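Worksheet for the structure shown next.
In my numbering, the protein residues as written are 144 to 613.
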């Protein structure tokens, strides 16, 4: 009996603790549920819409839509129900989607005034706090100035011969003599080879290249933290490389002053090499794969691309180099690439964060909320692109679409720094491929998914033949 009495006393002694703990847990759970679903009271009101489920919001709905390549439907359903400006909830944050072009213009034009560039927490942690994509304000401006010395017209002209040499080697190794290839991994191999060579002077036969490529794929899936060995400071690197260091992005990052004659830290260099490799590789390879699809499915457009490239090549020897002026004359080819990016943008959306309360479109936007600019929502609008599902490069003739509607590279201070680099890379690739090879899709209806970059589920199976001109 004494033992039973002792146990009862202990239970009684701890009952208060358990009660308090259970109460606190219930209060915390209730607060979390309320905080993720409660609509703040404002005058004017916040945009109409739904916060979805507690905690997760509409995140799962958006991810499911992306996986099924139904992003446009996700937005269209909500626009029809709530209007051009509506609220949602994505990755634990209340968010607002704005229509084009007004919303895009507002976000791009008010960066660092009312909004700041912002990415979901997992993306920010993976890219690193020093990544150009993550930096904001003056710090972003200083870092961007360093990279501009590589991505400006002079830097691109210096890079052109190297990119074309890579295209030739790539075609000889992965296209020549092949009966069938997978377009997606082949395009990825090309784009990663270009990035490794131009950014780090790393050849695709270097033993480190395969390790780096494998690590990059793991990073893109979200499980990667890459260790990059960057020995020494800028002066020591110059000494190691000799008086003529390679013309690559890594050398620029090591030798161009960041601020007050100081240089970028090793951590900043690692974060940004990682960013540049990811941004240049996955986006370019995605567009290359899809332009092969759309040109195959639209033979008249392919004929026009071939005609244009033949006109550029007609007065050249077979081994003659493409010039900077030649790329300026690839106008129709570039329009075909633009139309490809309209239909299948490599990146589906971007994010800004409200840094103060403001009003837009007659609604209040509270400080701290996320603002989403949807590329697909802009690109597939019948208002700006009649018959939006149709592949039609003529949409980009003359002045093209209205401003702030075609936004594959984003906009504002954070507009993609490498957009002209990507343009040059893709034009050179198509010049050599369309003049030398014919391709046929094994499955013209192959399904597409977005996880997180747009891709073909079976890798885009292509049957190849050598192109012959009579």
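By construction, the Cβ of each residue, glycine as well, lies at the ideal position given by its N, Cα and C atoms. Computed from a prediction, not measured in an experiment: that's the story for all the values here.
Exercise for review: Over the uninterrupted beta strand (DSSP E) stretch that includes residue 258, give me the two end residues.
Suggested key: Residue 258 -> beta strand (DSSP E) spans 258-260.
Practice item. Check the DSSP bridge columns for residue 583 and list the partner residues they point to. Key: When DSSP reads this structure, residue 583 sits in a beta bridge with 606.
Practice item. Could you check what DSSP says for residue 280 in three-state terms: helix, strand or coil? Key: helix
Check your understanding: Do you know how far the Cα of residue 220 is from the Cα of residue 484?
Key -> 23 Å
Point to revise | Terminal residues of the alpha helix (DSSP H) in which residue 316 lies | key: It spans 296-317 - the alpha helix (DSSP H) in which residue 316 sits, taken as one unbroken run.
Review point. Counting along the chain, where does the beta strand (DSSP E) carrying residue 492 start and finish?
Key: 492-497
Exercise for review: Using alpha carbons as the reference points, say which of 428, 461, 304 lies closest to residue 325.
Suggested key: 428
Review point. Below 8 Å between beta carbons: does that hold for residue 527 and residue 548?
Key: Yes, the Cβ-Cβ distance between residue 527 and residue 548 is below 8 Å.
Check your understanding: Closest to residue 422 by CA distance: which of 197, 583, 270 is it?
Key -> Closest by alpha carbon: 270.
Check your understanding: Just the Cα atoms here: how many angstroms apart are residue 195 and residue 189?
Key -> Approximately 16 Å, taken between the alpha carbons.
Practice item. State the Cα-Cα distance for the pair residue 410 and residue 396, rounded to the nearest angstrom. Key: 12 Å
Practice item. Look at the alpha carbon of residue 223 and the alpha carbon of residue 501, and state the distance between them as a whole number of angstroms. Key: When the Cα atoms are used, residue 223 and residue 501 turn out to be separated by approximately 24 Å.
Exercise for review: Identify every run of the alpha helix (DSSP H) within the region 454-542, keeping only runs that are complete inside it and at least 4 residues long; order them along the chain.
Suggested key: 467-471, 474-486, 518-522
Check your understanding: With a Cβ-Cβ cutoff of 8 Å, do residue 520 and residue 215 count as a contact?
Key -> yes
Point to revise | Residues sharing a beta bridge with residue 591, DSSP | key: Beta-bridge pairing links residue 591 to 599.
Check your understanding: Whose C-beta lies closer than 7 Å to the C-beta of residue 278 among residues of the same chain, with five residues either side of it excluded?
Key -> Answer for residue 278: 286, listed in chain order.
Practice item. Verify whether the separation of the beta carbon atoms of residue 434 and residue 573 is less than 8 Å. Key: yes
Check your understanding: What is the residue span of the alpha helix (DSSP H) that residue 336 lies within?
Key -> 326-343
Exercise for review: Please work out which residues of its chain come closer than 7 Å, Cβ to Cβ, to residue 312, disregarding the five sequence neighbours upstream and downstream, and give them in chain order.
Suggested key: none
Point to revise | Span separating the alpha-carbon of residue 306 from that of residue 232 | key: 42 Å
Practice item. Express the C-alpha separation of residue 261 and residue 290 in angstroms, rounding to a whole number. Key: Cα to Cα, the separation comes out at about 20 Å.
**Study point:** Residue range of the alpha helix (DSSP H) that includes residue 229
**Key:** Run containing residue 229: none in the alpha helix (DSSP H); it sits in the beta strand (DSSP E), 229-233.
Check your understanding: Going by C-alpha distance, which of 603, 203, 332 is nearest residue 314?
Key -> 332
**Study point:** Same chain only: Cβ atoms within 7 Å of residue 441, ignoring 5 sequence neighbours per side
**Key:** 534
Point to revise | Sequence-distant residues of the same chain with beta carbon closer than 6 Å to residue 468, five excluded per side | key: none
**Study point:** Span of the alpha helix (DSSP H) around residue 239
**Key:** Taken as a continuous stretch (DSSP letters only), residue 239 belongs to no alpha helix (DSSP H), being part of the beta strand (DSSP E) at 236-240.
Point to revise | Coarse secondary structure for residue 611, derived from DSSP in three states | key: coil
Check your understanding: DSSP on residue 402, reduced to helix/strand/coil?
Key -> strand
Check your understanding: What first and last residue would you give for the alpha helix (DSSP H) that runs through residue 205?
Key -> Run containing residue 205: 202-210, per the alpha helix (DSSP H) assignment.
Check your understanding: Apart from the five residues just before and just after residue 579, which ones in its own chain have a Cβ nearer than 6 Å to its Cβ?
Key -> Residues of the same chain with a CB within less than 6 Å of the CB of residue 579, apart from the 5 flanking positions on each side, are 610 in chain order.
Point to revise | Option nearest residue 226 by Cα separation, candidates 209, 436, 596, 241 | key: 241
Point to revise | Closest residue to residue 252 among 495, 551, 230 (Cα-Cα distance) | key: 495
Review point. When we look at the beta-carbon of residue 476 and count the other beta-carbons within 10 Å, is it buried (16 or more) or exposed?
Key: Burial of residue 476 is indicated by the presence of at least 16 other C-beta atoms within 10 angstroms of its C-beta.
Exercise for review: Could you check the C-alpha separation between residue 456 and residue 597 for me, to the nearest Å?
Suggested key: Taking the straight line joining both Cα atoms gives about 32 Å.
Review point. Which whole-angstrom value describes the C-beta separation of residue 191 and residue 512, a residue pair presumed to lie in contact below a C-beta threshold of 8 Å?
Key: That pair is no contact at about 14 Å.
Point to revise | Own chain partners of residue 247 with C-beta closer than 8 Å, once the 5 adjacent residues on each side are dropped | key: 241, 516, 521, 547, 548, 550, 554
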